[in-house]
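Have a look at the structure below before the remarks.
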Ligand SMILES: NC(=O)c1ccc[n+]([C@@H]2O[C@H](COP(=O)([O-])OP(=O)(O)OC[C@H]3O[C@@H](n4cnc5c(N)ncnc54)[C@H](OP(=O)(O)O)[C@@H]3O)[C@@H](O)[C@H]2O)c1
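In my numbering, the protein residues as written are 94 to 371.
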C-alpha cells in the first residue's frame, strides 16, 4: 500500500526502486526492527539483503534466521554492508548505540524508528552531513499494512528521499508530519494496534455470548474491522457518513450506536490517548 507525500521525491525514482537491489541494516533487532524486516521481505526484499546486530547473540541468530537475514557481531559490520541503516534501539540508548559508528554512517542513509528522537537530536548525535530522517512506525508494517509517521524535516537529498519513500511505502502508509505532531500521530498509530485488538476481543466476547464459536467470532470481527477500514481509506468517506448509511431509522444498528454512546465509547477512546499524551 502506498498513500504517500511525494513532495520531496522523484515519483519515477520511487517506481523504479527494486527492493531486491537495496541492502538494509538494523542497529537493534527487537520487536520493531523484526516487524520492519518481515514487512520488507513480504514486499519482495530477499532476506539476505538484511543485516542486523543486537546485544544478545543467540537471540539475534534465532530472530534473523526466520527470514534468512544475516546476523552481525557488531554495528560497524551492519553499517559497512548496508545502503540504508535503521536505528532500532530504545530511545535512551540511541546515543551510545551510534557513538562507535558515526564515521561509518557518513554516506549511508539513516532511518530512525526511535520514538521521540527527532531531526534536531540526530544533528547532535551524527556527524555533520550524514543523511538521516526520523520516523515512528507501527507493528502492522510486518504485514505491509503499517503506518509510518515521518518527520517533515530531514537531511536526505532527493535520491535518498526517494529510496526511503520506496522502502517505507512498501510496508505501509507514509505520512510526513512536523516534529511537534510526531508524538500524537505515533501514539494513535503505534499504541492503536493494542486498542484495536481489545475491540476485536470485546466484540468477539459479545458474539460468543450469543452463541458464536470463539475462533469464528474473532475471525468475523477482524474481517469486519479490516473491511470497514479499507472502505473508508479507499473511498475517503467520512466515518460518520458510513455510520449513518448503515443506521436505518428505527432499526437495529442505531440502537447499538446509542448504547455505545451511553457507555462512553467515544470519550473512552479520547481519554485513552489523553492518558498517554497528558
Ligand atoms: N514496539 C513498537 O510498537 C514501537 C513503535 C514505534 C517505535 N518503536 C521504537 O522502536 C525502537 C525499538 O523498540 P522495540 O520495541 O523493538 O524494542 P526491543 O524489542 O527492546 O528491541 C531493542 C533492540 O535493541 C538491541 N540493543 C540494545 N542496546 C543496543 C546497542 N547498544 N547496540 C545494538 N543493539 C542494541 C536489543 O538487543 P537485545 O534484545 O539483545 O538486548 C534489541 O534487539 C524504540 O526506539 C521504540 O521507540 C517501537
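We treat Cβ as the ideally placed atom computed from N, Cα and C, and that holds for glycine.
Not one heavy atom of ligand 1 lies closer than 7 Å to the C-beta of residue 166. Residue ranges of uninterrupted alpha helix (DSSP H) with 4 or more members, entirely inside the segment 126-185 and ordered along the chain, are 150-158 and 168-173. Straight across, the Cα-Cα distance linking residue 147 with residue 167 is about 8 Å.
Counting C-beta atoms within 10 angstroms of its own C-beta, residue 244 has 16 or more neighbours from the protein chains shown and is therefore classed as buried. Put simply, of 258, 221 and 186 the residue whose alpha carbon is nearest the alpha carbon of residue 115 is 258. Taking the Cα positions, residue 256 is about 11 Å away from residue 204. Shown here for residue 277: same chain residues with a beta carbon closer than 7 Å to its own, the five before and five after excluded, namely 370 in chain order. For residue 314, the uninterrupted alpha helix (DSSP H) segment begins and ends at 307-328. For ligand 1, a non-hydrogen atom lies closer than 7 Å to the CB of residue 146. In this structure, residue 314 places its C-beta atom within 8 Å of the C-beta atom of residue 293. Residue 157 sits close to residue 122, with the two beta carbons spaced by under 8 Å.
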